[in-house]
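To convert, count from 1 in the sequence shown and add 10; that's my numbering.
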Amino acid sequence: MSRLIRIAFHSLKRQKRITFLFLVALISIIMMEVFLFSSLRTLNVLIEDDISRYGRGEYDLLVRPANSQTKVEQAVGLVEENYLSVGSGGISLATWEQIKTMKDVEIAAPVAALGYFTGASKSISLPIPSTPELYEIQFSTTDGVNTYPINRRSGVVAIVPNNDPTRAQGEDYLFDSIGDEGVDENNNHYMGINIMLPETYHLLVGIDPIAEEQLTDISFAGLHNPSFQEFEFEFAGDAPIIHVLQLEDANVSMELTIDIYPLPENIFDQLKQEFSLPDNTLFYDIYFTDEYAQALQEIKQFAQTNIEGRECYHYQLTELLTPFESEPFNLNDQYQLSTNPNFYRTHIGNTANYYLTSDIDYQINDKNNLTAKIVGEHEHIPIYRPIIKEGGTFQELRELPFALNIAGSYSIKEREEQVQVASSSLGLYYLNDIFTIGGKKVVPISTPGSFVPAPAHGVIDIHDAEIIKGEKPIDAIRIKVANINEYNEMAIQKIETLAKELHQLGLHVDVIAGASDQLIPITVENVGTVEQAWTTLGAATLIKNQWNQATFILTGLFFLVALFYIANRLMFWKTQKVSEVEVYHLLGWEEKEQRRILSNELNILYGFAVFSSLICLIILERLTFVDSDVYPTYLLVSSMLYSVIVMLRHRKHQVSKRQKQRKADRSMIMRNLCYYQRYMKLNSLQLFMTSMMSIFVAAIIWVTYQQSGITKLGEFINENLLILLLLLLLVSFGLALLTVTETITNFLSVRRNELQTLLAIGWNQREIWLLNAREISIWSIPAMLIGYIMGTGITILYYSFSWQLLWFGLGTFVLFALITLTLMAWMITHELGRLYK
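Dropping the structure here:
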């Protein structure tokens with residue numbers, strides 16, 4: 011061992027307290043920086059892993075005709091769920107067949123939005139009363155907030171003696187479009203009250219059942235072997251029969267209210283007398299006469315003014331109805347609802363009557379908030395998207411262009427119950443509930459034009475779509491790229507290559523892989539604010555970029571804090587070595603030798619700190635607190651900090667004459683501040699950096715966590731990162747407190763001789779405590795405040811202003827300042843306690 015090294019060891023041994031504090035400081039900064047950088051590395055690895063495993067949805071590319079993007083999609087990069095419910099076509103079946111043959115295409119599933127269609131209408135059978143009664147029947151539909159009446163009907167029914175053998179039990183009745191007569195299952199003559207359910211309209215789309223099943227795992231087998239009763243469609247003549255599968259999971263918003271008013275038993279006799287009708291007249295036989303209409307009107311007026319004895323029944327039909335063909339209903343004598351009527355009516359002649367819709371013209375403000383306005387009415391119900399009537403009923407056209415046959419059903423319930431963190435926005439099958447801000451469930455109404463993007467309630471074969479929509483019926487083709495197992499860089503490159511090839515066909519192509527859902531608040535006129543799921547295209551890339559930027563900024567901040575920490579610690583260490591250096595100078599040692607001794611001391615200290623840190627990491631690894639991949643980070647941090655020490659250790663430390671002079675015309679506090687300004691400058695700078703780091707680290711983690719968590723994929727990633735982020739936040743605050751502790755400790759150690767002098771001349775402990783507290787507060791509080799302002803300002807400039815972010819930064823600063831000042835007070839008290847001993 012050389013002489014200079016022995017001297018360095020002897021010096022360190024002699025100054026045990028200084029050596030111990032410096033050693034603890036080096037070990038602490040190494041360990042904290044290792045944990046911080048290792049946590050950031052683990053953070054990126056977890057994000058990459060989650061995106062690789064969960065970032066890919068059911069398909070990768072969405073192909074649409076050129077210029078088919080919505081205004082919202084162009085403005086903010088979002089598409090609403092079930093957005094393929096509208097479209098004017100533009101892609102032919104031949105183009106689809108061409109795409110299927112392309113090299114890297116595994117699945118090409120087309121979609122043709124055809125409009126809103128109705129199906130087979132059924133009836134509800136009411137019981138025949140034993141005495142005359144008036145029925146008021148009101149159907150209604152609701153969007154969850156508002157209820158809208160549809161098809162209000164009324165009628166009078168009575169049973170009176172009659173000898174006509176063709177009338178079962180001699181019944182007579184007055185009705186207003188609600189009565190009927192027929193034959194039951196035993197071929198018996200039957201008179202019943204059969205109320206036809208209002209026609210409801212539902213989204214119908216064309217798909218390729220094979221490709222769709224491959225893409226979604228939903229069975230569309232019913233389209234391969236449809237059930238069909240040919241005799242039911244004799245009215246359609248030569249019109250093509252299109253087979254439809256209806257969605258069995260869909261609910262049709264409808265309620266039924268029946269008000270029953272009792273009438274006088276001789277009401278029919280009174281009416282016959284009033285209209286001078288023979289006693290044996292049956293109102294059933296004069297249905298189309300003026301007397302019939304007048305009699306019905308008088309009974310309605312009588313019931314409205316005599317409501318005593320009225321009974322009211324309310325039925326929720328939503329859960330019982332299916333979109334295109336429901337079971338008929340029956341009300342028994344106790345007005346209980348069932349699905350087994352003895353007699354019912356059905357009507358299938360309106361299936362060629364349908365409506366086309368277009369996208370909602372959302373209003374977008376400068377904050378990208380969306381508003382949906384009412385654009386008109388349909389059957390007195392407000393609509394939020396334009397609708398156009400197409401086709402017609404059998405009565406209107408006499409020759410139908412086609413007829414729909416309800417051939418079976420399909421279900422998507424199991425698919426919706428699966429937890430999916432990535433979403434490829436299938437555009438057809440979103441069934442999840444939508445709620446207002448107040449918690450009310452919102453549902454689509456039973457007529458076209460609702461603001462709720464309803465899923466497809468029925469599907470037909472894509473080849474049949476040409477019958478309805480023409481030669482280019484396809485609105486979109488969803489493509490899954492072949493031979494991709496993970497969503498990584500190679501997969502992204504392969505997807506983008508295929509996207510370029512498809513673009514050359516004159517089509518608009520979106521890369522959907524890595525998309526994910528998020529809830530968007532939408533202000534809906536006459537409803538309020540609802541939260542609706544929209545899909546963020548490229549969510550995986552956005553999340554990755556957000557965390558990469560955050561990691562880059564945090565890495566730079568942690569490095570700067572470590573740099574100032576080491577610089578501050580070296581400055582005070584050199585200050586404590588001034589007397590020793592003066593001795594070397596008096597002994598005639600050259601400056602080169604003096605610097606070598608100090609360098610040796612630093613090398614010994616740092617070497618021991620690095621070795622001690624390694625032992626700590628090995629122990630922590632054995633206890634499974636850290637992983638083995640922490641060692642490369644350890645080597646990097648150790649090398650980085652040693653480079654900082656090498657750069658700073660040879661800088662000369664001199665105390666200028668100006669610093670030694672204290673002007674007598676100033677207060678003692680100001681004289682001290684001027685005298686120790688060299689130390690305070692670096693201390694203030696370190697506190698400024700620490701304060702800014704504390705604010706910025708907390709804010710950047712909080713903001714990135716919020717921004718990336720707005721999608722399902724981001725939310726899933728955040729849940730996996732939560733513990734790591736909390737650990738990162740705690741360690742960064744630990745680093746901040748370590749630097750604050752070191753700053754105050756070093757500053758007090760420099761003033762140790764001065765404090766001893768004050769004690770010797772009679773100052774008490776309280777006076778000295780107040781002097782130091784005031785002096786430290788004068789330079790520390792402004793430094794922390796400027797750090798807070800800078801940290802919050804940079805965060806706001808980087809992420810845009812929000813009051814929430816501002817209050818978050820203020821809260822973090824207050825917490826940091828309180829901890830710092832409390833620590834400062836305790837350390838001054840502790841140092842004075844040591845001096846008194």
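The beta-carbon is built from N, C-alpha and C at its ideal position, and this holds for glycine as well.
The structure displayed is predicted, hence computed values, not measured ones.
Scanning the stretch 300 to 364 from its first residue to its last, the whole alpha helix (DSSP H) runs of 4-plus residues come out as 300 to 315. Of the candidates I786, T805, F823, W813, the residue whose Cα lies closest to the Cα of I838 is I786.
Restricting attention to beta strand (DSSP E) runs no shorter than 3 residues, the stretch 444 to 519 encloses them at 444 to 446, 468 to 471, 486 to 491, ordered along the chain. W773 carries a coil assignment under DSSP once its states are collapsed to helix, strand and coil.
Per DSSP, the beta-bridge partners of F149 are I160, L266.
For the pair G247 and K504, the Cα-to-Cα distance works out to about 51 Å.
A543 is positioned such that its CB atom lies closer than 9 Å to that of I530. Using a 10 angstroms sphere on the CB of E68, the tally of other CB atoms reaches 16 or more, which defines it as buried. DSSP places F127 in the uninterrupted beta strand (DSSP E) bounded by 115 to 127. When the Cα atoms are used, V44 and T643 turn out to be separated by approximately 6 Å. Ranked by Cα distance from V824, the options I563, L795, L807 are led by L795. Look at the beta carbons and you see the stretch 282 to 291 not touching the stretch 226 to 233: under three pairs across the two are nearer than 8 Å. Taking 9 Å as the cut-off, the Cβ atoms of L266 and I455 do not count as close. In this model, A76 and L438 are separated by some 21 Å (Cα to Cα). Within the same chain, F149, I160, N161 come within 6 Å of P208 by CB-CB distance, once the 5 residues on both sides are set aside. Closest by C-alpha distance to V469, out of L512, L213, I309, is L213. Shown here, H20 sits in a helix according to DSSP, grouped into three states. F293 is classed as buried because its beta carbon has at least 16 other beta carbons within 10 Å across all chains shown. Beta-carbon to beta-carbon, V462 and D153 are separated by about 7 Å, close enough to satisfy the 8 Å threshold. For P531, the beta-bridge partners assigned by DSSP are E541. For T381, the enclosing beta strand (DSSP E) stretches over residues 380 to 382. Proximity of the stretch 506 to 516 to the stretch 116 to 126 falls short of the contact definition, fewer than three beta-carbon pairs being nearer than 8 Å. Here the C-alpha atom of E841 lies approximately 58 Å from the C-alpha atom of Y497.
For A221, the enclosing alpha helix (DSSP H) stretches over residues 219 to 226. Within the same chain, Cβ atoms closer than 7 Å to the Cβ of K482 are found at G99, G100, I101, S102, the five residues on either side in sequence being excluded. For L608, there are no CB contacts under 6 Å within the same chain when 5 residues up- and downstream are skipped.
Residue range 81 to 86 is occupied by the alpha helix (DSSP H) that includes V82. Judged by DSSP in its simplified three-state form, A246 adopts helix. DSSP, read as helix, strand or coil, puts P272 in strand. Between A305 and the set N316, F278, P288, L646, the nearest pair of CA atoms involves F278.
Counting along the chain, A413 sits inside the beta strand (DSSP E) bounded by residues 413 to 420. Of the candidates T210, V155, I268, I268 places its Cα closest to the Cα of I203. In this structure, I358 lies away from G538, with their beta-carbon atoms at least 9 Å apart. Excluding five sequence positions before and after Y616, the CB atoms of its chain that fall closer than 7 Å to its own CB belong to L36, Y652, I655, given in chain order.
In this structure, L72 sits near D520, with a CB-CB distance shorter than 9 Å. In the DSSP assignment, L72 falls within the unbroken beta strand (DSSP E) covering 71 to 75.
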